[in-house]
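Positions in the sequence shown are counted from 1; adding 619 to them yields the numbering used here.
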Amino acid sequence: MKKLIALTFAAFCTAAFLSYSYRTPAPQPLTPECYVSCFTSEIMNQFKAEASTTSFAMMHDNPIPYVIEDPLGKNISFKAADGSNAMGYEIRSKKKSNKWLFVIQEWWGLNDYIKKESETYYNDLEDVNVIALDLYDGKIAATADSAMKLIQSAKTERLESIIKGAIAYAGTDAKIYTVGWCFGGMWSLQSALLAGKQAAGCIMFYGRPENNIEKLKTLNCDVIGFFGNKDRSPSPEVVNKFESDMQAAGKKLIANKYDAGHGFANPSNPVFNKEAATDAHEKAVAFLKERM
620 MKKLIALTFA AFCTAAFLSY SYRTPAPQPL TPECYVSCFT SEIMNQFKAE
670 ASTTSFAMMH DNPIPYVIED PLGKNISFKA ADGSNAMGYE IRSKKKSNKW
720 LFVIQEWWGL NDYIKKESET YYNDLEDVNV IALDLYDGKI AATADSAMKL
770 IQSAKTERLE SIIKGAIAYA GTDAKIYTVG WCFGGMWSLQ SALLAGKQAA
820 GCIMFYGRPE NNIEKLKTLN CDVIGFFGNK DRSPSPEVVN KFESDMQAAG
870 KKLIANKYDA GHGFANPSNP VFNKEAATDA HEKAVAFLKE RM
């Protein structure tokens, strides 16, 4: 009898083990595509946590009011990847071109300063289409408090959907270049990652860098960055870590560092550093021209 009970128990355990093994497949390694999308929320959440602090808000004086005159471009709408409408400010090349520069806003939103920057790049480059992406769906902040609220309400999935929609709008043969400042610097790099093999060049004016080396390994273009040694977001330590991470990922980063603070390249910022901003812009344009 005891032998029968033992055999029955052994059979039950074997069946349970086999059932569990059948229902629970072995974990599979993440694909490169997953590294691009699966970890974007992580870096965005890090930025949100930082942007919710008083110290971060104090780095951003309210922008000086500005209204663009005689705009070169026009406001457009296109389909985001989720099927909803997305918006941007577009300046089309006078000649047919597969070169597209995505201009990514600061945390203020797509204001007229960003539109003006888009026009400046358009005039400095040849045969390029420029789109300033509206990642806030029409909302613009004029104070640090309102910008903080917009950042906290921004959803990674929505931002990615807008960027993917812009890539589709540009076309499958488009060469994608990206540039952005602060929040936009972070999303300039994320946009280059989302562009995959279409990515041709990425420009970061400060902004939180990606810190997942496996994700950085999926990057298909060079990066040039402009950072302030007096900045606290990102701090010099974070920038140094970004340099080592890019090296570990086998990717090229050209890091330019200035004796300047956060937002030094923004003319609407009271701490605007004209000398540093001019040098950075010239290097950014040269970087793009070398890759176009």
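Note that the Cβ used here is the ideal one computed from N, Cα and C, for glycine as well.
Since the structure is predicted, the reported quantities are computational estimates derived from the model, not experimental observations.
Just the Cα atoms here: how many angstroms apart are residue i and residue j?
i, j, result
"S640", "F675", "Note that S640 scores 40 on pLDDT, short of 50, meaning its location in the model is unreliable; the coordinates nonetheless yield the value given after this. Straight-line Cα distance between these residues: approximately 50 Å."
"H679", "N892", "14 Å"
"A884", "Q665", "23 Å"
"N717", "M823", "22 Å"
"E856", "S863", "11 Å"
"D746", "M911", "9 Å"
"T797", "L808", "8 Å"
"L907", "T837", "20 Å"
"T791", "C801", "28 Å"
"V904", "G820", "11 Å"
"G692", "D731", "12 Å"
"G702", "K714", "29 Å"
"G882", "K768", "19 Å"
"Q724", "D756", "12 Å"
"K860", "I786", "29 Å"
"N839", "V858", "20 Å"
"F846", "F697", "33 Å"
"Q647", "R777", "The pLDDT assigned to Q647 is 45, lower than 50, so where the model puts this residue is not dependable, and the model offers no usable value."
Is the beta carbon of residue j closer than 9 Å to that of residue i?
i, j, result
"N875", "G844", "yes"
"E829", "A700", "no"
"K720", "N694", "This sequence places Leu at residue 720; Lys is not what is there. Contact: no."
"W806", "I759", "no"
"K794", "Q771", "no"
"L835", "K870", "yes"
"N831", "I662", "yes"
"D850", "A879", "yes"
"A811", "K667", "no"
"A896", "P889", "no"
How many whole angstroms separate the CB atoms of residue i and residue j, which I take to be in contact at a CB cut-off of 8 Å?
i, j, result
"A751", "G707", "6 Å"
"A789", "P682", "At roughly 29 Å, the Cβ-Cβ gap does not stay under 8 Å, so A789 and P682 are not in contact."
"I782", "K734", "Wrong, their Cβ atoms sit about 18 Å apart, outside the cutoff."
"G799", "V722", "7 Å"
"D753", "L729", "4 Å"
Who does residue i pair with in a DSSP beta bridge?
i, result
"L872", "V842"
"Y603", "Coverage of the chain is limited to positions 620 through 911, which leaves residue 603 absent and any answer about it impossible."
"F721", "I750 and T797"
"G728", "E725"
Could you tell me which uninterrupted beta strand (DSSP E) segments, each at least 3 residues in length, are contained entirely in the segment 676-718, listed from first to last along the chain?
693-698 and 704-710
Please specify which runs of the beta strand (DSSP E), each continuous and at least 3 residues long, are wholly inside the segment 737-769, giving them in chain order.
748-753
Continuous beta strand (DSSP E) assignments of at least 3 residues falling wholly in the segment 776-834:
794-800 and 818-824
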